[in-house]
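Participant: Numbering (the UniProt record's numbering), first residue to last: 1 to 384.
Pasting the structure below:
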């Protein structure tokens, strides 16, 4: 398999020396919105106070300093439209002439050449024999597209669906590097800030790091195709997680490994939908018919503190300023006491219907079996 192990970073961890305001705001839309609303002075202020602790990232620059050694005419002109215009007007002979005469002293930059297209081409060449349809054509962007539900993708895009964007934890990176000579399938990869040559990013939406577009309940790969499968925070978003689990097991090689993480006590979050949270017993039930379960665990990234912080943060964001102030002053001791009296607090009463569904302890559904007589009265909340 002619697919040497490589990786290409699309994001990086900034330091005080490498911090770039524009690059930081580009991958932290919540910070960009706070800056726009005047809640914080700048991305730099956020980074100094919160971002470096939270492990926030910034976009890897699209350009690079032009030097005599790396100079490229097309990439230089793409990054310097004034130079391109001067050439079109006959004022300059070439971008190289401008660089030699002025650009070098001015510190001009040129577009950075991305390694991803070449890495992807080699990767998908190795993947092709593993496809159920090895003759499948590549899309215009050099990817395999197997989704037969374009209307769903169009709908999600039209609704401005938020991007699922997460990096791998250290253990997952170690698994990826350990299997540098194999192929790993990332089911529901979303947008990954580091692009790996041995990880096939499978996703229903076509992100910059997506390799294969399709649906998880019908994977377009042959049986026994992959050395490992990663599925992180995906199966809560599918209507039939049992079918998806069976597909994941099907495409694993005998002896292949699975790392699967599904939320338990996280609030509602949709990319674009959120159907099921799972206990550890529920997650085990998905796979125990197909795979040997070696262990289940809760690690620092899935510690209960994240669930509590998410719940409380989202709750506070759904309140008016006055109620939020009161809510944030509430003691943990009060919250863990009998909660009945707290239902009368403004910070409990003024939650919107949308926020109630997002954070609910449970939801209640009323339904009726269809009958020829359509005159039945609607079920009311007082119905037995």
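Idealized CB from N, CA, C, for every residue including glycine.
When you compare the CB positions of residue 56 and residue 28, do they come within less than 9 Å of one another, or not?
Facilitator: Numbered from its first residue, the chain shown carries residue 56 at position 56. Numbered from its first residue, the chain shown carries residue 28 at position 28. Yes, they are a contact pair.
Participant: Note down, in chain order, each residue of its chain lying with its Cβ closer than 6 Å to the Cβ of residue 284, except the 5 sequence neighbours on either side.
Facilitator: One-based indexing of the chain shown puts residue 284 at position 284. These residues qualify, in order along the chain: 293.
Participant: Please list, in chain order, all residues of the same chain as residue 199 whose beta carbon is under 7 Å from its beta carbon, the five residues on each side excluded.
Facilitator: Numbered from its first residue, the chain shown carries residue 199 at position 199. These residues qualify, in order along the chain: 176, 184, 186.
Participant: Along the chain, where does the beta strand (DSSP E) that runs through residue 65 open and close?
Facilitator: To locate residue 65, count along the chain shown from 1; it is residue 65. Element bounds for residue 65: 63-65.
Participant: Under 9 Å between C-beta atoms, does residue 170 make it to chain B?
Facilitator: Checking the listed chains, one finds no chain B in this structure; it contains a single protein chain.
Participant: Going by C-alpha to C-alpha distance, which of 196, 189, 254, 30 sits closest to residue 174?
Facilitator: Walking along the chain shown from the start, residue 174 turns up at place 174. For residue 174, the nearest C-alpha among the options comes from 196.
Participant: Where does residue 316 sit, in a helix, a strand or coil, going by DSSP?
Facilitator: Indexing the chain shown from 1 puts residue 316 at position 316. Helix, per DSSP.
Participant: Starting from the C-beta of residue 226, find all residues in its chain whose C-beta is less than 7 Å away, skip the five residues before and the five after it, and write them out in chain order.
Facilitator: Taking the first residue of the chain shown as 1, we reach residue 226 at position 226. Excluding residues within five positions, the ones whose Cβ falls inside 7 Å are 183, 184, 185, 251, 252, 253, 256.
Participant: DSSP three-state label for residue 159, please.
Facilitator: Residue numbering aside, residue 159 sits at position 159 when the chain shown is read from its first letter. Here the model assigns residue 159 a pLDDT of 40, short of 50, so the residue's position is not dependable, and the following value carries that caveat. In this structure, residue 159 counts as coil in the three-state DSSP scheme.
Participant: Please identify the residue among 58, 18, 34, 2 whose C-alpha is closest to the C-alpha of residue 394.
Facilitator: Because the chain here runs from 1 to 384, residue 394 falls outside it and cannot be looked at.
Participant: What's the gap between the Cα of residue 306 and the Cα of residue 249?
Facilitator: For the purposes of this step, residue 306 is taken as residue 306 along the chain shown, with counting starting at 1. For the purposes of this step, residue 249 is taken as residue 249 along the chain shown, with counting starting at 1. Between residue 306 and residue 249, the C-alpha separation is close to 29 Å.
Participant: To the nearest whole angstrom, what separates the beta carbons of residue 393 and residue 72, a pair I think is in contact under 8 Å?
Facilitator: Residue 393 lies beyond the residue range present for the chain, which begins at 1 and ends at 384; the question has no answer from this structure.
Participant: In chain order, which beta strand (DSSP E) runs of at least 3 residues are fully inside the segment 62-148?
Facilitator: Whole beta strand (DSSP E) segments, 3+ residues: 63-65, 109-111.
Participant: Around the Cβ of residue 320, are there at least 16 other Cβ atoms within 10 angstroms (buried) or fewer (exposed)?
Facilitator: In the chain shown, counting from the first residue as 1, residue 320 sits at position 320. Its Cβ having fewer than 16 others within 10 Å, residue 320 is exposed.
Participant: Taking the CB atoms as reference points, tell me whether residue 213 and residue 125 lie closer together than 9 Å.
Facilitator: The count along the chain shown starts at 1 and reaches residue 213 at position 213. The count along the chain shown starts at 1 and reaches residue 125 at position 125. Not a contact, by the Cβ cut-off of 9 Å.
Participant: Please report how far the alpha carbon of residue 301 lies from the alpha carbon of residue 165, in whole angstroms.
Facilitator: Position 301 of the chain shown, counted from the first residue, corresponds to residue 301. Position 165 of the chain shown, counted from the first residue, corresponds to residue 165. For residue 301 and residue 165, the distance between alpha carbons rounds to 15 Å.
Participant: Given this structure, state the Cα-to-Cα distance separating residue 279 from residue 264, to the nearest angstrom.
Facilitator: Counting from 1 along the chain shown, the entry for residue 279 is found at position 279. Counting from 1 along the chain shown, the entry for residue 264 is found at position 264. Between residue 279 and residue 264, the C-alpha separation is close to 6 Å.
Participant: What are the start and end residues of the alpha helix (DSSP H) that includes residue 333?
Facilitator: Numbered from 1 along the chain shown, position 333 holds the residue referred to as residue 333. Unbroken alpha helix (DSSP H) run through residue 333: 332-335.
Participant: With 16 as the cutoff for other CB atoms within 10 Å, does residue 3 come out buried or exposed?
Facilitator: On the chain shown, position 3 is the one that residue 3 refers to. Buried, because 16 or more other Cβ atoms sit within 10 Å of the Cβ of residue 3.
Participant: Judging by CA-CA distance, which residue of 45, 201, 38 is the nearest neighbour of residue 19?
Facilitator: For the purposes of this step, residue 19 is identified with residue 19 of the chain shown, where counting begins at 1. Here the closest residue by C-alpha is 45.
Participant: Can you have a look at residue 237 and say buried or exposed, based on whether 16 or more other CB atoms are within 10 angstroms of its CB?
Facilitator: Residue numbering aside, residue 237 sits at position 237 when the chain shown is read from its first letter. Classification of residue 237: buried, given that the 10 Å Cβ count is 16 or more.
Participant: Give the range of the alpha helix (DSSP H) segment to which residue 248 is assigned.
Facilitator: Walking along the chain shown from the start, residue 248 turns up at place 248. Element bounds for residue 248: 241-251.
Participant: Quick one: is residue 370 buried, meaning 16 or more other Cβ sit within 10 Å of its Cβ, or exposed?
Facilitator: Counting from one through the chain shown, the residue named residue 370 turns up at place 370. Counting Cβ neighbours within 10 Å, residue 370 comes out exposed, since fewer than 16 surround it.
Participant: What does the alpha-carbon distance come out to for the pair residue 325 and residue 363?
Facilitator: As a first step, residue 325 must be located in the chain shown, where it is residue number 325. As a first step, residue 363 must be located in the chain shown, where it is residue number 363. C-alpha separation (whole angstroms): 27 Å.
Participant: Could you spell out the range, first to last residue, of the beta strand (DSSP E) harbouring residue 228?
Facilitator: What you label residue 228 is simply residue 228 of the chain shown in a count that begins at 1. From DSSP, the beta strand (DSSP E) with residue 228 extends over 226-232.
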